[in-house]
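First residue of the sequence shown: -9, per my numbering; consecutive thereafter.
All residues carry an ideal CB built from backbone N, CA and C; glycine is no exception.
All values derive from a computational prediction rather than experimental measurement.
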Amino acid sequence: MASICPGMLNQELLVKTKKHPCYSGEAHHKYARIHLPVAPRCNIQCNYCNRKFDCVNESRPGVTSEVLTPELAKAKFDWVKSEIEELSVVGIAGPGDALADWYNTKQTILRIKATNPDLIFCISTNGLLLPELAPEIVELGIEHVTVTVNALDVNIGAKIYQHVRYRGKYYFGTEAAKILLDNQLAGIEYLTAHGILVKINMVMIKGINDMHIPVVVKKLKQLGVFVTNIMPLIPAPGSAFEHFPQTSMKELNELRNRCAVDVEQMRHCQQCRADAIGRLGEDRSAEFRMCQRQITEPVLNNTVKRQYKIAVASKYGKLVDLHFGHAERFTIYQGDGQNFAEIEQRTVQKYCAGVEECEEEETKRDKMIESLGDCDAVLAMRIGYHAKERLRQKGIQGIEYCDTVESGLRQAVQELLALNKSTAKAI
Ligand code: CLF
Ligand code: SF4
-9 MASICPGMLN QELLVKTKKH PCYSGEAHHK YARIHLPVAP RCNIQCNYCN RKFDCVNESR
51 PGVTSEVLTP ELAKAKFDWV KSEIEELSVV GIAGPGDALA DWYNTKQTIL RIKATNPDLI
111 FCISTNGLLL PELAPEIVEL GIEHVTVTVN ALDVNIGAKI YQHVRYRGKY YFGTEAAKIL
171 LDNQLAGIEY LTAHGILVKI NMVMIKGIND MHIPVVVKKL KQLGVFVTNI MPLIPAPGSA
231 FEHFPQTSMK ELNELRNRCA VDVEQMRHCQ QCRADAIGRL GEDRSAEFRM CQRQITEPVL
291 NNTVKRQYKI AVASKYGKLV DLHFGHAERF TIYQGDGQNF AEIEQRTVQK YCAGVEECEE
351 EETKRDKMIE SLGDCDAVLA MRIGYHAKER LRQKGIQGIE YCDTVESGLR QAVQELLALN
411 KSTAKAI
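Shown next, in the form of structure tokens:
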């Protein structure tokens, strides 16, 4: 088991870290960070997260007003860097998971690093893919990694994570929690053993993991983490925990004080947006939207487009020819309304099996809808009233259609636009 004492850490890195506004309490008044929202996908579903909300007045992780390609992210970085001298950190914090969209994360960092090798590069992840990607993180020179760890106990984890999608398969309950928690611990151990400064974010959820957090912190101490950041639950509308109480600062500080005997506590976190810019506490992201940049920068014209993710019920991929309740698999397409690419075949458990299984049907239907939670719309030949309603409650538009998939996708985007849905959301 890796056990690193601070003396073993690379001194040069510790000096550099004095310019990291999250890792250093002193730095947050002087230095700024930019979050580049290039990683929209996520491979797990936390019960406190709903990335579909895009409100410019809202500040919390998972929220962004735009999703960028690595090329646009570099252009945005150059723009911001020319305006904010004290910019010291480039962070990838979603709006999904930095590792679930590793290609984009890596390409963005490579592009910026090529011209700014001395900056601090920082990523934030749920840790599911750390065992696979930690060696690449080290090789790429990312020296600050945040992992969100909410539990060690799989029974507690099962209450926090709705599902985990790992190596093409969905897992639920304690099975899902076990995969995630095992991978988090293995990944953290690898990173700290390779000198990376690991910060752990934890969401304190009253009645779920609040009593368990001190145990988690003790374990993380053994793994050599640099700092832990215990954050309050912000109940997000539409998330499974939307009716949970917001954690009070008093309770939060008591817990932090208790844990401080084991690991240094971060106390100045601002629970930033995925496109936050500036010093902590003075978000300037609204000044640097790439849609504003479009007007003066022809090279970027028409490149910032909303991306839609649409699940299609189709037997062979040509026609929309299946009932929603009969589908055992959905083809997931992603595109901007004109051009779409197939990105995934997603297997689900069909729920419509006849009246005798009616009660069970409801649970199966809800599970099916949950597993499409990252989509903007579902296209199917028929969708029952209740299923449509449940989809709507999850922010997914259920669209009945019966022609080619290609024309159906365009139709779906037209309907979404007509509904004026804010769909520049997590894809
Ligand atoms: Fe961003 Fe996170 Fe890096 Fe900071 S944020 S990826 S470590 S550069 Fe910082 Fe914001 Fe809190 Fe995160 S204040 S939410 S801890
Ligand atoms: Fe949301 Fe992050 Fe959890 Fe993914 S890991 S579901 S983006 S909070």
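Neighbourhood of T164 by C-beta, 7 Å cutoff - its chain only, sequence neighbours within 5 removed
For the purposes of this step, residue 164 is taken as residue 174 along the sequence shown, with counting starting at 1. Within the same chain, T164 has close Cβ partners V144, N145 and A148.
Coarse secondary structure for G388, derived from DSSP in three states:
Start at 1 with the first residue of the sequence shown, and residue 388 comes out as number 398. In the structure shown, G388 falls within a strand segment according to DSSP collapsed to helix, strand and coil.
So within the region 352 to 391, which uninterrupted alpha helix (DSSP H) runs reach at least 4 residues, ignoring any that extend past its ends?
Segments of the alpha helix (DSSP H) lying fully in the region 352 to 391: 375 to 383.
Touch test, the region 79 to 99 against the region 125 to 132, Cβ-Cβ under 8 Å, three pairs minimum
Touching, per the Cβ criterion.
Given A141, which residues of its chain have a CB within under 8 Å of its CB, disregarding the five upstream and five downstream residues?
Locating residue 141 in the sequence shown gives position 151, where the first residue counts as 1. Non-local C-beta neighbours of A141 in its own chain, meaning closer than 8 Å and more than five positions away in sequence, comprise G147, I150, A167, L171, N199, H202 and V206, ordered along the chain.
In angstroms, rounded to a whole number, what distance separates the CA positions of A250 and R257?
Start at 1 with the first residue of the sequence shown, and residue 250 comes out as number 260. Start at 1 with the first residue of the sequence shown, and residue 257 comes out as number 267. Straight-line Cα distance between these residues: approximately 11 Å.
Is S14 helix, strand or coil when you go by DSSP?
Taking the sequence shown and counting its residues from 1, the one referred to as residue 14 is at position 24. Correct three-state label for S14: coil.
Which word fits L407, buried or exposed, when buried means at least 16 other C-beta atoms lie within 10 angstroms of its C-beta?
As a working note, residue 407 is residue 417 in the sequence shown. Under this definition L407 is an exposed residue.
Three-state class that DSSP yields for S114 in the structure shown
By one-based count along the sequence shown, residue 114 stands at place 124. Looking at S114 - three-state DSSP - the assignment turns out to be strand.
Which of helix, strand or coil does DSSP assign to N33?
Here residue 33 refers to the residue found at position 43 of the sequence shown. In the structure shown, N33 adopts coil according to DSSP, grouped into three states.
Minimum length 3: unbroken beta strand (DSSP E) runs contained in the region 138 to 181
Runs of the beta strand (DSSP E) inside the region 138 to 181: 151 to 156 and 159 to 162.
Going straight from the alpha carbon of A266 to that of F111, what length do you get?
One-based indexing of the sequence shown puts residue 266 at position 276. One-based indexing of the sequence shown puts residue 111 at position 121. Cα-Cα distance, rounded: 15 Å.
Please list, in chain order, all residues of the same chain as K411 whose beta carbon is under 6 Å from its beta carbon, the five residues on each side excluded.
The sequence position of residue 411 within the sequence shown is 421, counting from 1. Low confidence applies to K411: its pLDDT is 44, below 50, so where it sits in the model is not reliable, and the reading given next is rough at best. Excluding residues up to 5 positions away in sequence, nothing lies with its Cβ nearer than 6 Å to the Cβ of K411 in the same chain.
Got a sec? Which residues, its chain only, sit under 7 Å from P27 by beta carbon, not counting five neighbours each side?
Position 37 of the sequence shown, counted from the first residue, corresponds to residue 27. In its chain, beyond the 5 residues on either side, T54, E56, V57, L58, G84, P85, A264 and D265 have a beta carbon closer than 7 Å to the beta carbon of P27.
For R23, is the beta carbon positioned less than 6 Å from some heavy atom of the ligand CLF?
Sequence index remark: in the sequence shown, residue 23 carries index 33 (1-based). Yes, Cβ of R23 sits closer than 6 Å to a heavy atom of the ligand CLF.
Work out the CA separation of T182 and V137 for me, nearest whole Å.
The count along the sequence shown starts at 1 and reaches residue 137 at position 147. The count along the sequence shown starts at 1 and reaches residue 182 at position 192. Between the alpha carbons of V137 and T182 lies a gap of roughly 12 Å.
Are V302 and L369 close, meaning C-beta to C-beta below 7 Å?
Here residue 302 corresponds to residue number 312 of the sequence shown, with the count starting at 1. Here residue 369 corresponds to residue number 379 of the sequence shown, with the count starting at 1. Their beta carbons are under 7 Å apart, which means V302 touches L369 by this criterion.
The beta strand (DSSP E) enclosing L77, as first and last residue numbers:
What you label residue 77 is simply residue 87 of the sequence shown in a count that begins at 1. L77: member of the beta strand (DSSP E) spanning L77 to I82, first to last residue.
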